[in-house]
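Participant:
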Amino acid sequence: MKDGLRFVDSDMHIMEPPDLFDRYLDPKFRDRVSVPIGSDGRPSRGPAAGLIVIDGQPISDADLQQYRKRVRPAQTGTTQPLSGSRLFDSGRLDFAIARDYDPEAQVMGMDMEGVDIAVLYPTTGLALLGRNGMDPQLSLALCQAYNNWIHEFCQACPDRLKFVAMLPVHDVHLACRELVRCVRELGAVGSFIRPNLVNGRYWHSNYWDPLYTVHEDLGVTWGFHEGVSAVYSRMIELYGENRFYRHVASHWIEMQQALIAMIIGGVFEFHPRLRVGF
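One point on numbering: in the numbering used here, the residue at position 261 of the sequence shown is 372, and numbering is uninterrupted.
1) Could you check what DSSP says for GLN255 in three-state terms: helix, strand or coil?
2) Using three-state DSSP, classify ALA185 as helix, strand or coil.
3) Taking its Cβ as the centre, do 16 or more other Cβ atoms sit within 10 Å of GLN217, making it buried, or is it exposed?
4) On the DSSP bridge assignment, give the partners of ALA216 in chain order.
5) What did DSSP end up calling LEU385 once you bin it into helix, strand or coil?
6) Could you give the distance in angstroms between the alpha-carbon of THR190 and the alpha-carbon of ASN317?
7) Helix or strand or just coil, what does DSSP make of PHE132?
8) Measure from the alpha carbon of HIS284 to the alpha carbon of each residue in GLN255, ASP320, HIS262, then state which is nearest.
9) Are PHE335 and ILE371 close, meaning C-beta to C-beta below 8 Å?
10) Report the CB separation of GLU337 from GLU365 in whole angstroms; it is logged as a contact under 8 Å.
11) Can you look up GLY326 in the DSSP assignment and give me helix, strand or coil?
12) Give every residue of the same chain whose Cβ lies closer than 6 Å to the Cβ of ILE261, excluding the five residues on either side of it in the sequence, and list them in chain order.
13) Should the region 244–252 be called in touch with the region 132–140, which here means at least 3 C-beta pairs below 8 Å?
14) Note down, in chain order, each residue of its chain lying with its Cβ closer than 7 Å to the Cβ of ALA252, except the 5 sequence neighbours on either side.
15) Compute the Euclidean distance between the alpha carbons of HIS362 and TYR350, then round it to the nearest angstrom.
16) Which two residues bound the contiguous alpha helix (DSSP H) that contains HIS284?
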């Protein structure tokens with residue numbers, strides 16, 4: 112509570128542990144998912160250090176991204192970094208880093224900001240499923256691993272920490288099944304999916320009707336959440352490796368594309384009880 116008001120953060124992020132898939136992924140898929148190991152012998156954590164590799168392909172180009180503006184040709188120095196990259200050097204996250212971003216650190220951060228309840232989204236996981244042609248069963252296994260972990264994370268303070276389910280977009284029927292499991296068994300308050308198209312399926316396509324219906328029947332919200340790093344993002348074609356440009360553009364452009372498809376495509380006319388957050 113802050114200034115006598117209760118606050119709900121509907122889009123707060125966690126930092127996934129680098130060994131999440133070692134601990135939670137179905138063993139039969141573990142040889143297809145890897146995280147680089149640091150000099151200390153532990154999985155690396157960080158914007159680029161913890162790059163997850165699935166079937167030999169990194170989930171993002173985070174190791175190539177840069178944060179700076181162009182400089183004049185004669186200028187030897189560089190400009191001030193323009194992104195959240197400065198946050199790690201500010202000391203503001205020291206309390207969370209010291210606790211390895213555990214649930215208590217999450218609640219401590221909420222208390223600092225006056226947030227009463229937070230709906231949690233992934234960080235690295237935003238780019239996890241961002242590719243065409245992924246094996247649907249692997250897609251499901253990745254979602255199940257993340258959802259099981261975030262459920263346990265929220266149990267540390269269930270009245271304040273809530274989560275939305277990650278859904279396997281490579282098969283709509285598997286996505287329906289995972290949503291039902293997460294809501295009924297794990298207490299998910301909704302779902303999230305990136306607005307970018309996967310396998311060329313538009314959001315106004317009849318393909319998604321079963322998933323829209325399940326959201327209606329369960330009474331939970333579908334949340335679109337864009338990210339900047341997935342290798343299939345069109346922002347890479349437009350802005351290359353400049354993370355700052357991509358971050359500014361991707362969130363509103365891709366979200367608007369999904370919103371346009373759902374409104375003009377008549378999704379809400381066919382599914383009047385559907386709630387969607389952008």
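Idealized CB from N, CA, C, for every residue including glycine.
Facilitator: Looking at the coordinates:
1) helix
2) In this prediction, ALA185 has a pLDDT of 48, which is less than 50 and means its spatial position is unreliable; nothing more can be read from the coordinates.
3) buried
4) Partner(s): none; ALA216 has no beta bridge.
5) coil
6) At THR190, the pLDDT of 46 sits below 50, so the modelled position is not reliable and the matter cannot be decided from this model.
7) helix
8) ASP320
9) no
10) 5 Å
11) Gly is not the amino acid found at residue 326; the sequence shown has His there. The answer is helix: DSSP assigns HIS326 an H, G or I state.
12) PHE274
13) yes
14) LEU136, ASP137, PHE140
15) Between HIS362 and TYR350, the C-alpha separation is close to 14 Å.
16) First-last of the alpha helix (DSSP H) with HIS284: 283–292.
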